[in-house]
Structure formats: C-alpha cells, structure tokens
Amino acid sequence: MWNPLSWVMEEAAIMTIALANGGGKPPDWQDFLGIIFLLLINSSISFVEENNAGNAAAALMARLAPKAKVLHDGRWTEEEAAALVPGDIISIKLGDIIPADARLLYGDPLKIDQSALTGESLPATKGPGDGVYSGSTVKQGEIKAVVIATGVHTSFGKAALLVDSTNQVGHFQQVLTAIGNFCICSILVGICIEIIVMYPIQHRAYRPGIDNLLVLLIGGIPIAMPTVLSVTMAIGSHRLSQQGAIIKRMTAIEDMAGMDVLCSAKTGTLTLNKLSVDKNLIEVFEKGVTKDQVILMAARASRIENQDAIDTAIVGMLGHPKEARAGVQEAHFLPFNPTDKRTALTYIDGDGKMYRVSKGAPEQILNLAHNKSEIAQKVHAVIDKFAGRGLRSLGVAYQDVPDGRKESQGSPWHFVALLPLFDPPRHDSAETIQRALNLGVNVKMITGDQLAIGKETGRRLGMGTNMYPSSSLLGQNKDESIADLPVDDLIEKADGFAGVFPEHKYEIVKRLQARKHICGMTGDGVNDAPALKKADIGIAVADATDAARSASDVILTEPGLSVIFSAVLTSRAIFQRMKNYTIYAVSITIRIVLGFMLLALIWEFDFPPFMVLIIAILNEAP
Numbered sequence: 017m018w019n020p021l022s023w024v025m026e027e028a029a030i031m032t033i034a035l036a037n038g039g040g041k042p043p044d045w046q047d048f049l050g051i052i053f054l055l056l057i058n059s060s061i062s063f064v065e066e067n068n069a070g071n072a073a074a075a076l077m078a079r080l081a082p083k084a085k086v087l088h089d090g091r092w093t094e095e096e097a098a099a100l101v102p103g104d105i106i107s108i109k110l111g112d113i114i115p116a117d118a119r120l121l122y123g124d125p126l127k128i129d130q131s132a133l134t135g136e137s138l139p140a141t142k143g144p145g146d147g148v149y150s151g152s153t154v155k156q157g158e159i160k161a162v163v164i165a166t167g168v169h170t171s172f173g174k175a176a177l178l179v180d181s182t183n184q185v186g187h188f189q190q191v192l193t194a195i196g197n198f199c200i201c202s203i204l205v206g207i208c209i210e211i212i213v214m215y216p217i218q219h220r221a222y223r224p225g226i227d228n229l230l231v232l233l234i235g236g237i238p239i240a241m242p243t244v245l246s247v248t249m250a251i252g253s254h255r256l257s258q259q260g261a262i263i264k265r266m267t268a269i270e271d272m273a274g275m276d277v278l279c280s281a282k283t284g285t286l287t288l289n290k291l292s293v294d295k296n297l298i299e300v301f302e303k304g305v306t307k308d309q310v311i312l313m314a315a316r317a318s319r320i321e322n323q324d325a326i327d328t329a330i331v332g333m334l335g336h337p338k339e340a341r342a343g344v345q346e347a348h349f350l351p352f353n354p355t356d357k358r359t360a361l362t363y364i365d366g367d368g369k370m371y372r373v374s375k376g377a378p379e380q381i382l383n384l385a386h387n388k389s390e391i392a393q394k395v396h397a398v399i400d401k402f403a404g405r406g407l408r409s410l411g412v413a414y415q416d417v418p419d420g421r422k423e424s425q426g427s428p429w430h431f432v433a434l435l436p437l438f439d440p441p442r443h444d445s446a447e448t449i450q451r452a453l454n455l456g457v458n459v460k461m462i463t464g465d466q467l468a469i470g471k472e473t474g475r476r477l478g479m480g481t482n483m484y485p486s487s488s489l490l491g492q493n494k495d496e497s498i499a500d501l502p503v504d505d506l507i508e509k510a511d512g513f514a515g516v517f518p519e520h521k522y523e524i525v526k527r528l529q530a531r532k533h534i535c536g537m538t539g540d541g542v543n544d545a546p547a548l549k550k551a552d553i554g555i556a557v558a559d560a561t562d563a564a565r566s567a568s569d570v571i572l573t574e575p576g577l578s579v580i581f582s583a584v585l586t587s588r589a590i591f592q593r594m595k596n597y598t599i600y601a602v603s604i605t606i607r608i609v610l611g612f613m614l615l616a617l618i619w620e621f622d623f624p625p626f627m628v629l630i631i632a633i634l635n636e637a638p
C-alpha cells in the first residue's frame, strides 16, 4: 500500500529483522510476521474492493468494438474502426456510429445526432462536402465519406487525450497521508527522545532499547485504520449500488460527501434530450383554428414510423400515434430534404375532399403563404420572441387540393401557426436542484447549446439565469471587453455556461477546484469525459457513453439527478462514521505512544513489541 501508515509498518517490519538481532537473542520473527500479516490484509482488502468496483463498471462497458464498411480494391469489406487510416473510403447509413472524423462525398444527405460530442439537442443535417465527427450516430440517410482523422486526432480522440492527461489525487488519500505524516513526526520525536535518554543517560542494553523503539513504531500508527476504512467504504459502496449509484473508485464516497459544487451537463441530464412542443406558447395565425387542430395538422405532416426528433415530438402530443392518420387516406408524403426543409402530406378526408398540410422551417413555410407580405412582420416577431427564450420555431401551413389530384399545385397556402420546440427538463430536475441547495451544493449548468436555450432551461428549473457564453470567458477567443474582470469570480458565481467545448468544461472545473471547491461533474457524452476525469467526483448518468463511464468515478443506473443527492446523503452518513472512527483511532494512538514512552523512560519498563501489536489491533477494532 502506498501511504505513510504503511511505510511506518514496513519500517517496523524491517527493524524487527535488521536491528532487533543482538544481545544473544534471535531476530524478532514473531513481530515481523504479525506486521507483514497486517500489511497483507490491508493491501488485499483494498485491492479486492477496488477491483470489484472496477469490474462492476467494466461489465457495464463491455461492448464490441465499432465496425466500419470500407472500400478496398473496388470491394466493400467490414473492418474494425481501429484499422482505419486517413484516405479510406467508408459507407455510413442509418443507425451507424461514425467510426472516424470524415468528409462526406456523395449520396443522400444525412441527419446526424452529435449530442454525445457537442451537447446539441437536434440532429444536424450534413451533405456532400461537410465534415462529420467520430462517435456521432446517423439518424437518417446514407452516404459515402473519406476518412480525414483517426485515433487521437479525431474530436473523440482529443477528448480522450485530455482525459488521459488528468491524474487526480483523492481527498481521502490526502487525509490518510496527513494522518500518516503526523504519526511519523510523532514517532520520530519519540524515538529521538528515547535514544537520547536510554543509551547515553540510562545506559540501557541494546536489545531492550530496540524493543522499546519497536513499541513506538508499532504503537504509534493506527494499524487497523486502512483496513477498517476500506471495509466501511466497501459496505457503503454496496449500499449506494442498491440506490442506483455504482462506485468505481472507493474513495469517491468521501469526495461525494464533501461535494459543494455540481457542474451538470444540460442535454440528457437536466433535460430529457427529447424535443417537446410547449402547447401554451403556440402562436396561431389562421382564424378559426384551435391549438389542438394545429397539433393535428403538424402530426399529419409527420412520419408515423422511422421518425426523426421533430416528428416524435409532434406525434407525441397526440393521445396515440394512429390519430395522425385517423379518418384520412394518405395520398402522398413528401419527406424532409435539405433543400425544401419541410415535410408535407397530401390526404383525402372522410368527405372525399383532398387537402395538403406541411410543416418545416418557418421561412420555408412562410414563403408558401399567399399572404406572406401581410403576416411576415408578425411571424418574424414571434420567431425572434421564441429565439430570445431559447425556443426553436416550426411553421405549419395547409391548402385545399380542389381537383383531387396529388400532383396538383392546389389552392393558395394558408400559414396556420408557429410551434415552439424545446428540450424539456426532467420532471424531477427542479426539485432535485432545490434539494441540492438545501444540502449546500450549488448546481451549475454546462451546455453546448446557445446561451438563450441555457437561460430558458435555467428559468424553468429555477436555478437562475446568470449564465455566460464560455468562449467569452475562456480560451484564445475570449471577450477582450471583460478581460480585466475577475474571471474566477464570474465562474464561481455563475449559474451556468453555454456554447461549451470539452476544453472549456475542463477549465471551469479546474478553476473551481483552485477556489478550494470540491467539484462534481455529471455528464453522458464524449464531450463530458475530460471534465468528468478532472472533477473530484465524476458522475456518468444513466445511458452514458462508454467514454463518459470510463472517465467517471460513479455510474448511475437510474435516470435524472435525484439519485445523486440520495447518494450524497448516504455518503455523508458513511463519511461521518469514518471521521468519528479516525478521530478515535488517532487519539488512541497518541495515548499509546505517550504511555509506553513514559513507561520506558521513567520506570524503565521493557514491554514486548508483540503485545503492543495485539493491544493496538484490539484498541482499533470498530
């Protein structure tokens, strides 16, 4: 074991063989074996418990390495992603995890979920010539691409490299080191006094004097402390796992108990990472149309199967997905494409009349409207209002098709409404944040989304809107107008940060730690991994990526933040027991050192070291 307490025990073991060999007596094998036995017990328990925690996490992350479809010598073959090199031509399609940073060549445009890397809620649309990131998931389309970066040169790899560069020393280890240093200093002072008094002044025999020094070495350290604390943490780890928090690093229990700042990723942690429509904010432009009718129109212009994020949000507003086609006969469906930026359904209702409904980018829908010039100003004002609150806008329009032919242009389009889209908070997030404040933990939002979206989420969660774009505070492109302001103070007092990149998250955690905060970090994506590793307590939420789980100290098996603060309460109870025991063990150790030193120097009493070993063990039993 690599700590001062073990060093003293090792020194005592060496001393029983190397020095306690004189005066006609053999080496003190009895004490030597007793000390070695304790060292082995301490080391074994710590190793087994750490290994068990690591195995539990490894079982969660045991997955097959990603594959890639690669073009070699005119033939498509499936290879390990690790074997790719820049210049390889790969094929990516719906459901694939992109195996390397690549540039798209030719094929259908893609919709890519980059939330694990960038924290963006909506899938990004990519076409020929655009770049895509390793670790992103293809949600729609199929295309060929050329690999431009692999390994540590990818966006994923750079985050992983930042993770590897971090090496934290836990607070628990620091406490053990401090206790060990105190014991060493006390023992050294006692040994110096005994040597000066016993040999030059009292002229004691060599071997009894060495035995008295051994008594100080053995009795001057809380021998059983590492074992007792390891067992206590192991029991606590098991209890936390029953609450939905798997502990990878045993000493994380102590760090979690002392945590006073929690930096939480927004997407998928504070929010559902699932778009929703705020019905109360729907802006209707067509007279005689209700909000429920608007939702039904938008749902009819959505796919019922193989839905994207927006279709899922719209159709999810209905009681059942089948309601989107109830009572109508589908004549033609126009899927989304990057040019039109809208979807449309031509259908026949129960009376045999044909209609067409469309939803999509507000500007594209507005361009369809017959009265665009009359409503454009109001439409743009609503879009700006939504944007100011971090809401994305979706336009809805309809038209009659009098001649009943699906190819027909139809009558003029009517601009019906604008729908606000938002990634909603988890149902328990607001309550959990308030609970955190009551526990003395300040929660800060960290998001890659726009500042307005972050502020709107903060407002809905009741965590405040004092947020900053991270690029204005940190990095090479920081805002010069605030260069003279105390950035560390701004970070400490901020409710959150927007437009955050992995290096920004890392820097935020680092600066908070420099202010003596015990900092926690939650996350689920590759973009969270460096900060998870840097934080005093890294927490990978449920359904986190392998990279996030690997970098974390705690892995949650239940969604949301509520399980974290249940774990905090449990950790504090465990830590209080450990603290009480530590105070008791150190006080007993001080009494043993002083007591036996007085016996040796004043009454010249020689006490067998082995008996002191037994007394120390019995005194420290919990």
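In the working numbering, the protein residues as written are 17 to 638. Backbone N, C-alpha and C fix where the C-beta goes; we use that ideal spot for every residue, glycine too. Given the structure is predicted, the values throughout are model-derived calculations rather than measurements.
- Distance from the Cα of Trp45 is smallest, within the candidate group Asp552, Ala567, Thr32, Gly206, for Thr32.
- Spanning the alpha carbons of Ile298 and Arg408 requires a straight line of approximately 12 Å.
- Between Val163 and Leu100, the C-beta spacing is below 8 Å.
- By the criterion of at least three beta-carbon pairs nearer than 8 Å, the stretch 578-586 is in contact with the stretch 255-265.
- Here Met483 has Met461, Leu467, Gly470, Lys471, Gly474, Ala510, Asp511, Gly512, Phe513, Ala514 as same chain residues with Cβ atoms under 8 Å from its own Cβ, once five neighbours each way along the sequence are excluded.
- Taking 8 Å as the upper bound for CB-CB distance, Leu361 and Ala317 are in contact here, some 5 Å apart.
- Nearest C-alpha to Leu291 among Ile320, Pro436, Met214: Pro436.
- Under the three-pair Cβ rule at 8 Å, the stretch 272-289 counts as touching the stretch 564-583.
- Contact between the stretch 304-324 and the stretch 564-575 is not established, with fewer than three Cβ pairs separated by less than 8 Å.
- In the displayed model, Lys282 falls within a helix according to three-state DSSP.
- Where Glu447 is concerned, the enclosing alpha helix (DSSP H) starts and stops at 445-454.
- In the structure shown, the three-state DSSP call for Val398 is helix.
- With at least 16 other beta carbons inside 10 angstroms of its own, Leu126 counts as buried.
- Take Asp505, set aside five residues on each side of it, and no residue of its chain has a beta-carbon closer than 8 Å to its own.
- When secondary structure is reduced to three states using DSSP, Glu299 falls in the strand class.
- Contact between the stretch 390-408 and the stretch 333-341 is absent: fewer than three C-beta pairs spanning the two stretches fall below 8 Å.
- The three-state reading of DSSP puts Met313 in helix, counting H, G and I together.
- About 11 Å separates the CB atoms of Glu210 and Leu230; that is not less than 8 Å, and the two are not in contact.
- Secondary structure at Asn383: helix, using DSSP grouped into helix, strand and coil.
- Asn289 sits in coil when the DSSP states are folded into three classes, being neither helix nor strand.
- One Cα belongs to Asn228, the other to Pro625, and the distance between them is close to 7 Å.
- Pairing Ile113 with Leu288, the inter-Cα distance amounts to about 21 Å.
- With 16 or more neighbouring CB atoms inside 10 Å of its own CB, Leu245 falls in the buried class.
- With 16 or more other CB atoms across the displayed protein chains lying within 10 angstroms of its CB, Trp429 is buried.
- Minimum Cα-Cα distance from Val331 among the listed residues Met313, Phe53, His348, Ala347 corresponds to Met313.
- Residue environment for Phe621: exposed (fewer than 16 other C-beta atoms within 10 angstroms of its C-beta).
- A distance below 8 Å between beta-carbons, with the five flanking residues on each side excluded, links Glu94 to the following residues of its chain, in chain order: Lys83, Ala84, Lys85, Val86.
- Within the stretch 496-577, the complete alpha helix (DSSP H) runs of at least 4 residues fall at 503-509, 518-530, 545-550, 562-567.
- Taking each of Ser487, Asn454, Ser445 in turn and checking the Cα distance to Arg476, the smallest one comes out for Ser445.
- Between Ile507 and Met479 the beta-carbon gap is near 16 Å, outside 8 Å, which marks them as no contact.
- For Pro485, the enclosing beta strand (DSSP E) stretches over residues 483-485.
- Between Lys160 and the set Asp146, His169, Gly151, the nearest pair of CA atoms involves Asp146.
- If you draw a straight line from the Cα of Glu302 to the Cα of Leu410, it is about 15 Å long.
- The three-state reading of DSSP puts Met461 in strand, counting E and B together.
- Beta bridge pairing from DSSP links Arg91 with His88.
- Setting aside the 5 residues that flank it on each side, Phe352 is surrounded in the same chain by Thr359, each with a C-beta closer than 6 Å to its C-beta; the list follows chain order.
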